[in-house]
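K.L.:
Below is a structure I'd like to ask you about.
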Amino acid sequence: MQKLSKVYSSSVNSNRGSGGVAILVRKTFGFKTYNLFVDNDRICAVKLSKHGYESLCIIGTLLPSTNHSTEEYLQYFQTVCSIYDRMSVDCVTVIGGDFNTDIAVTSLSSKSKNVIDFITKNNLSPVPLMSGRKGPDFTFRSKDMTRKTMIDFIFIPEFFCNGFTNLEVRNDCPFNVSDHYPVLIFLDMNLLCNTSNKFHLYRKVLLWSRCDEWEKKYYQTELDKLLNFEVLPLNSCEINENYIEHINSNIVNVVHIAANSCIPTGKFRHYLKPYWKSNSLDYYHNEQRQARKTWLSMGQTRNNDNIFYKQYKDKKREFRKHKRNAERLWESEKFADVQKAAEMDIGQFYRVVRKHRQQKSPATCLNYDGNTATNNGDICKLWSTYFSDLYTPNEHENDNFDQSFYMDVTEKIREYSSQIRKPFNAFFDVPYTEDEIYEQIKTLKCGKAPGPDYVCNEHIIYGGNTLLKWICYIFNIILKCEYIPLLYRHGIIIPLYKGNNKDKSNPNSYRAIVLTSVFGKLHDKTVLRRINKMLTALDKTFPDPLQFGFVPEHGAIPALYTLKECINVFMKSKSKLYVGFLDNEKAFDKIWHDGLFLKLKEIGVTGKLWNILFMSYKSASAHVQYNGLTSDNFSISQGVGQGRVLSSWLFSLYINDLILQLISTNCGIRIGYLNIPAILLADDTTLLSASPKGLQGLLDCVQTYACKWRLKYNGTKSCVLAFNNNTDVDIKLGNTKIACKTDTIYAGTLITNNNKTFERTKNAAKKLKKNLHSLYSAGVNPKGLTPITNTLIWKRFVLPTALYSCEFKPKIQRYKSPVYGTLPCSQNFRILLQYSF
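As C-alpha cells, this is what we get:
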C-alpha cells in the first residue's frame with residue numbers, strides 16, 4: 057500500500073459487512089487522479105488525466121448477488137450505465153468489478169441479457185472472455201467447489217484489445233483469501249496518447265519475409281485454435297450492426313494474437329546503421345564501453361604502461377575492426393539484393409533500391425488557406441484541414457453547376473436508398489462462396505502496408521482455411537445486414553512528396569497515399585469480380601475503348617502512340633489538326649457521390665450490393681498520419697475513395713458517358729472507319745478535331761457534361777496544339793479562353809506542334825543521366841556491383857527510361873484491319889490496333 061496513492065472505495069450497506077469496492081492507483085503512474093464522488097454504496101469511479109493523453113475513467117462496481125431481487129440488481133446496473141454514458145463523452149471509460157451474473161452460459165438470465173446488451177451497444181470487450189486468456193475459465197467458486205462461474209469482468213473499449221500484453225485469471229495468488237479469483241490484464245497506456253497512432257505506437261514489426269514454413273504453419277495452427285474456440289464469446293447476440301463490428305474486431309484481435317506469438321518480430325530503430333543488426337557487433341561495442349568506463353574510473357591515465365588504458369585501446373581497436381567487417385558484409389548483402397532484384401522485374405528492383413537509399417527529410421513548413429505551420433503537430437493539423445476541405449463539397453461552387461439537375465438526381469437517390477426492399481439481383485444478392493474469396497486472396501501481394509487495423513496481406517495469405525471460412529462468414533452477414541464495418545470505411549492518409557523540386561510547403565506538391573483495411577480491400581475485390589462477371593454476362597462494353605486508363609493491356613504507352621499516330625497521319629497528308637489537352641482539376645477527389653451512385657444503378661448494380669456501397673461511401677472517414685503523429689478523424693463526402701480497390705473502376709464509370717457524348721457530336725477526327733473525338737488516360741482528357749469549330753463543339757460538350765455532373769475543368773491550365781497551322785485560334789472552355797501553345801507534356805512525353813523530336817531526345821538524355829546517377833549509391837559504379845550486373849541494370853532499367861516514347865519517325869503504311877478495313881497507319885499503330893479498339 058505504500059506504493060499506492062489514495063484509495064477510492066465504497067462499502068456496501070449490508071448486515072454481513074463483508075463487501076465493498078475500491079480503486080487503487082499507483083503513485084508513479086504519471087496521471088493526475090480525480091475522485092468522481094459517486095453517491096452509491098456499490099459503485100466508485102475515478103478520472104485519470106495527463107497532458108497529451110486522452111482522459112481515462114475507471115468505474116468499479118459490486119452489483120447485488122443472487123440473494124437480492126432482479127429489480128434491485130437492475131437499478132444498480134442502470135446507475136453504472138448512466139455513469140458510463142456521462143463519462144464516455146470525453147473520456148476513455150473502463151468498467152470492472154463483480155457483476156454477479158454469467159454472460160458466457162447458454163441460458164441467459166435477464167441480468168445477463170442486460171449486461172450483454174450494454175457492452176454490445178457501447179462496443180466493449182469483456183476481458184476474461186477475450187482470446188489469449190491464461191488460467192481457469194471461471195472467476196468464482198463456492199466453498200464446496202460445486203459451483204464455478206465467470207462473474208467478474210473488466211469491460212474495455214475495442215481499441216484497447218490490440219494493446220494488451222498479458223491476460224490472466226490468477227488462481228495461484230498466495231494473498232487471495234476470497235472465493236473470487238483476480239482478473240489481471242496489462243494495457244498499453246500509450247494507446248491513450250492523442251498525438252500518436254493508437255494502433256501503431258510501440259508496435260513491433262512482424263518479419264514475415266524471415267519466417268520459415270514451420271513458423272507459418274505454426275501461425276496457421278494457432279489461428280485455427282483461436283478462431284474455433286474464442287472468436288464468438290457472445291453467441292446469443294442477434295445478427296445486426298453491433299454484432300458485425302464485434303465479430304470483425306474479434307477476428308482482427310485473434311489474427312494479431314496468433315501472429316505475435318508465432319511470427320518473428322523486430323523493432324525499427326531509425327538511428328542505427330543497418331550493419332548494427334549483427335549481435336556480435338553489439339557485444340564488441342559493449343566490451344569497448346566497459347573498458348573505457350573502467351579506464352575513466354581509474355584516473356584516465358593516457359600511458360601505454362597503464363593496463364586499463366591499454367585494455368581500452370585494444371577493445372576499441374577490436375570493435376572498430378569488427379565494425380568495418382560488419383559494414384563490408386552489409387554492403388555485400390545490399391549489392392547481392394540489388395543483383396537478385398535486377399534479375400527479376402523492375403518493380404522488385406526499385407523496391408530494393410529505395411530500401412537502401414537514405415530517406416529524405418519531411419517538410420518543415422506547410423502553407424494552406426493563409427495559415428502557416430512550422431512544427432510537426434501544427435503541420436499534421438493543417439494537413440487534416442486541407443484534406444477535410446478537399447473531400448467536402450464546396451457550396452460556393454454551386455453556381456458553376458446545373459442546380460436543377462442536381463436536385464433531380466439527389467431526389468432519385470433519396471427515393472431509391474429509402475426503399476426497404478429492393479428487387480432481387482441474381483448477380484449480387486447471392487451468398488459469397490469460399491472459392492470466389494480464395495481466388496481474390498491469391499491476388500494479394502506480400503510486403504504491402506497495412507491499414508488502420510494493422511492487418512497486412514500476409515495475415516490472410518498464410519491464415520489457412522479456417523480464416524477463409526470466417527472471412528466468408530463475415531462477408532455474408534455484411535450482405536445480409538447491408539452494413540460495412542467501420543474499419544472497412546476508414547483510411548489513413550499519408551502525404552507523399554511528388555519530387556521534381558516542387559515547393560515542399562505547397563499541399564499540391566504532394567500525393568495522398570491512403571492505407572485501407574486488407575479485409576475491406578478483399579471485400580471490394582470480390583465485389584468488383586462480381587460486377588465484371590455481370591457486365592460480361594450482359595455483353596456490355598465497359599469502359600469505352602477510348603479510355604486507356606485502368607484497363608488491362610492498356611495504359612500510357614497505347615494512349616501515347618494512338619495520339620502520335622493520329623498526328624502523324626494528319627502531318628503526312630498536310631491536313632490541319634487541333635488537339636486540346638484539358639486539365640480535370642482534382643478529378644478523383646471531387647466526384648459527386650449521388651451522381652456516381654445513379655450511374656452505378658443505371659449500369660445494373662442494384663439490390664443489396666448497391667445499399668452496401670452507398671452506405672460505405674456515404675459514411676467513409678479518414679485521418680492524416682504525418683511524421684509519427686495522427687490527426688483527428690474527418691468525413692469524406694465526395695470522391696471515389698483513394699486507396700480503395702473500386703476507386704479506378706468507379707471513376708471510369710463516372711467519366712464513361714462523356715466519351716459516348718463526344719462520339720455522338722461527330723466533331724472528332726476520322727481515320728478510315730474510326731471516329732476518334734478524344735483519348736482518355738484516366739482523368740487526362742485529350743480532344744482531337746480537324747477544325748477549330750469542331751474542337752469548340754467538343755469543348756462545349758465537355759463543358760455541358762461537367763456542368764451537369766459537377767466536374768471542374770481548369771481552362772487556364774488547359775492548352776491547344778494546332779498542327780499544320782501557324783495562326784492563333786480562338787477556343788474557349790466555358791468563358792475561359794484556352795491558350796494555343798507550341799508544345800506540352802502528355803503522359804510524360806513532350807508533344808510539339810511541328811512533330812519534331814530533337815527536344816524530346818534531349819530531355820530523354822537528361823533523364824537517362826539522372827537515372828544512372830541515382831543508382832550510384834545502390835552499387836551501379838566501378839567499386840560496387842560486377843560489370844556484368846551493371847550492364848544488365850543498364851540495359852533493363854536505365855536505358856528503357858530514356859527510350860520511352862523516343863521511337864524513330866514512323867513510315868506511314870496501309871494496314872488492313874480485320875474489323876475496321878484498310879487504314880493508313882505505322883507499324884507501331886498496327887500492333888496497337890489489334891487490342892486497343
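For any residue, its number in this note's numbering is found by taking its place in the sequence shown, counting from 1, and adding 56. Each residue gets a CB set at the ideal place from its N, CA and C atoms; glycine is no exception.
1) Considering Cα atoms alone, identify which of L542, H378, D445 is closest to A676.
2) Check whether the Cβ atoms of L602 and A746 lie closer than 8 Å to each other.
3) Rounded C-beta distance between I715 and L751? I'm assuming under 8 Å.
4) Rounding to the nearest angstrom, what Cα-Cα distance links G894 and K88 in this structure?
5) Kindly list the residues whose CB is nearer than 6 Å to the CB of T149, restricted to its own chain and excluding five residues on each side of it in sequence; keep chain order.
6) Using DSSP with H/G/I as helix, E/B as strand and the rest coil, what is V102?
7) Comparing C-alpha positions only, which one of L744, I516, L656 sits nearest to K620?
8) Would you check if the segment 258–275 and the segment 504–520 touch, i.e. whether three or more CB-CB distances between them fall below 8 Å?
9) Could you tell me how far apart the beta carbons of T117 and V145 are, in whole angstroms, since I believe they sit closer than 8 Å?
10) Label Y553 either buried or exposed according to how many other C-beta atoms from any shown protein chain fall within 10 Å of its C-beta, with 16 as the threshold for buried.
11) Check whether the segment 653–666 and the segment 778–793 are in contact - that is, three or more C-beta pairs closer than 8 Å.
12) Using C-beta distances below 7 Å, list every residue in its chain close to T842, excluding the 5 sequence neighbours before and after it, in chain order.
13) Please state whether DSSP places R477 in a helix, a strand or coil.
14) Should E490 and C528 be called a contact, given that it needs their Cβ atoms to be closer than 8 Å?
15) For H107, does the three-state DSSP call read helix, strand or coil?
16) When the Cα of L767 is compared with those of L652, H302, Y299, which residue comes out closest?
17) Which residues share a DSSP beta bridge with Q603?
18) Using the DSSP secondary-structure output, state which residues sit across from A795 in a beta bridge.
19) Under the rule that 16 or more other beta-carbon atoms within 10 Å means buried, what is R203, buried or exposed?
20) If you draw a straight line from the C-alpha of G771 to the C-alpha of D244, how long is it?
21) Does the Cβ-Cβ distance between P479 and Y682 come in under 8 Å?
22) What residue range does the alpha helix (DSSP H) around Q356 cover?
23) Determine whether the beta carbon atoms of Y488 and L535 lie at a separation below 8 Å.
24) Relative to the alpha-carbon of S121, which residue among E471, S708, S168, F644 has its alpha-carbon at the smallest distance?
25) Can you give me the C-alpha to C-alpha distance between P192 and E224, rounded to a whole angstrom?
26) From the DSSP secondary-structure annotation, give me the bridge partner or partners of L731.
27) Does the beta-carbon of F814 have 16 or more other beta-carbons within 10 angstroms, so that it is buried, or is it exposed?
28) Secondary structure at I159, three-state DSSP: helix, strand or coil?
29) For D228, does the three-state DSSP call read helix, strand or coil?
30) Please go through the segment 136–215 and give each complete alpha helix (DSSP H) segment of 4 or more residues, from N-terminal end onward.
31) Tell me whether the beta-carbon of N827 lies closer than 8 Å to the beta-carbon of T857.
32) Do L571 and P506 have their CB atoms nearer than 8 Å?
33) Looking only at DSSP bridge pairs, what is S745 linked to?
34) I'd like the span of the beta strand (DSSP E) that includes A78, first residue to last.
35) Quick test of your reading: I647 and Q717, contact by CB under 8 Å. State the CB separation rounded to the nearest angstrom.
36) Check whether the segment 271–280 and the segment 170–189 touch, using three or more Cβ-Cβ pairs below 8 Å as the test.
P.N.:
Per the coordinate set shown:
1) Locating residue 676 in the sequence shown gives position 620, counting from the first residue. It is L542.
2) Along the sequence shown, one-based indexing puts residue 602 at 546. Along the sequence shown, one-based indexing puts residue 746 at 690. The answer is no: Cβ separation not under 8 Å.
3) To locate residue 715, count along the sequence shown from 1; it is residue 659. To locate residue 751, count along the sequence shown from 1; it is residue 695. Not quite, the Cβ-Cβ distance comes to about 16 Å (not below 8 Å), so this is no contact.
4) Absent from the model: residue 894. The displayed extent of the chain is 57 to 893, so no value can be given.
5) For this step, residue 149 is matched to residue 93 along the sequence shown. These residues qualify, in order along the chain: C113, Y140, M143.
6) For this step, residue 102 is matched to residue 46 along the sequence shown. Residue state, collapsed to three classes: strand.
7) Looking up residue 620 in the sequence shown gives position 564. Ranking L744, I516, L656 by Cα distance to K620 puts L744 first.
8) yes
9) Here residue 117 refers to the residue found at position 61 of the sequence shown. Here residue 145 refers to the residue found at position 89 of the sequence shown. Not quite, the Cβ-Cβ distance comes to about 19 Å (not below 8 Å), so this is no contact.
10) Your numbering for residue 553 matches position 497 in the sequence shown. Exposed, since its Cβ has fewer than 16 Cβ neighbours within 10 Å.
11) no
12) For the purposes of this step, residue 842 is taken as residue 786 along the sequence shown, with counting starting at 1. Counting only Cβ-Cβ distances below 7 Å, and skipping sequence neighbours, we find nothing.
13) Numbered from 1 along the sequence shown, position 421 holds the residue referred to as residue 477. R477 falls in the coil class under three-state DSSP.
14) As a first step, residue 490 must be located in the sequence shown, where it is residue number 434. As a first step, residue 528 must be located in the sequence shown, where it is residue number 472. Yes, the Cβ-Cβ distance between E490 and C528 is below 8 Å.
15) Numbered from 1 along the sequence shown, position 51 holds the residue referred to as residue 107. Coil, per DSSP.
16) For this step, residue 767 is matched to residue 711 along the sequence shown. Comparing Cα positions, the closest option is L652.
17) Stepping through the sequence shown from its first residue, residue 603 is reached at position 547. Beta-bridge pairing links Q603 to L736.
18) Taking the sequence shown and counting its residues from 1, the one referred to as residue 795 is at position 739. Answer is C775.
19) Walking along the sequence shown from the start, residue 203 turns up at place 147. R203 is exposed by the Cβ-count criterion.
20) Here residue 771 is taken as the residue at index 715 of the sequence shown, counted from 1. Here residue 244 is taken as the residue at index 188 of the sequence shown, counted from 1. Taking the straight line joining both Cα atoms gives about 53 Å.
21) As a first step, residue 479 is located in the sequence shown; it is residue number 423 there, counting from the start. As a first step, residue 682 is located in the sequence shown; it is residue number 626 there, counting from the start. Contact flag unset, no.
22) Here the question's residue 356 lines up with position 300 in the sequence shown. From DSSP, Q356 is part of no alpha helix (DSSP H); its letter is neither H nor E.
23) Locating residue 488 in the sequence shown gives position 432, where the first residue counts as 1. Locating residue 535 in the sequence shown gives position 479, where the first residue counts as 1. Closer than 8 Å, so yes.
24) To locate residue 121, count along the sequence shown from 1; it is residue 65. The shortest C-alpha separation from S121 is found at S168.
25) Within the sequence shown, numbered from 1, the residue matching residue 192 stands at position 136. Within the sequence shown, numbered from 1, the residue matching residue 224 stands at position 168. C-alpha separation (whole angstroms): 9 Å.
26) To locate residue 731, count along the sequence shown from 1; it is residue 675. For the record, residue 731 in the displayed sequence is Asn; it is not Leu. Answer is R726, bridged to N731.
27) Here residue 814 corresponds to residue number 758 of the sequence shown, with the count starting at 1. With fewer than 16 Cβ atoms within 10 Å of its Cβ, F814 is classed as exposed.
28) Taking the first residue of the sequence shown as position 1, residue 159 is located at position 103. Residue state, collapsed to three classes: coil.
29) Start at 1 with the first residue of the sequence shown, and residue 228 comes out as number 172. Residue state, collapsed to three classes: coil.
30) 166–177
31) Indexing the sequence shown from 1 puts residue 827 at position 771. Indexing the sequence shown from 1 puts residue 857 at position 801. Result yes, Cβ atoms of N827 and T857 sit closer than 8 Å.
32) Reading the sequence shown from its first residue, position 515 is the one you call residue 571. Reading the sequence shown from its first residue, position 450 is the one you call residue 506. Yes, these two residues count as a Cβ contact at 8 Å.
33) Here residue 745 refers to the residue found at position 689 when the sequence shown is read from its first residue. In the DSSP output, where bridge partners are listed per residue, S745 has Y634.
34) Looking up residue 78 in the sequence shown gives position 22. Run containing A78: 76–82, per the beta strand (DSSP E) assignment.
35) Position 591 of the sequence shown, counting from 1, holds the residue named residue 647. Position 661 of the sequence shown, counting from 1, holds the residue named residue 717. Actually they do not touch by this definition, with Cβ atoms about 18 Å apart.
36) no
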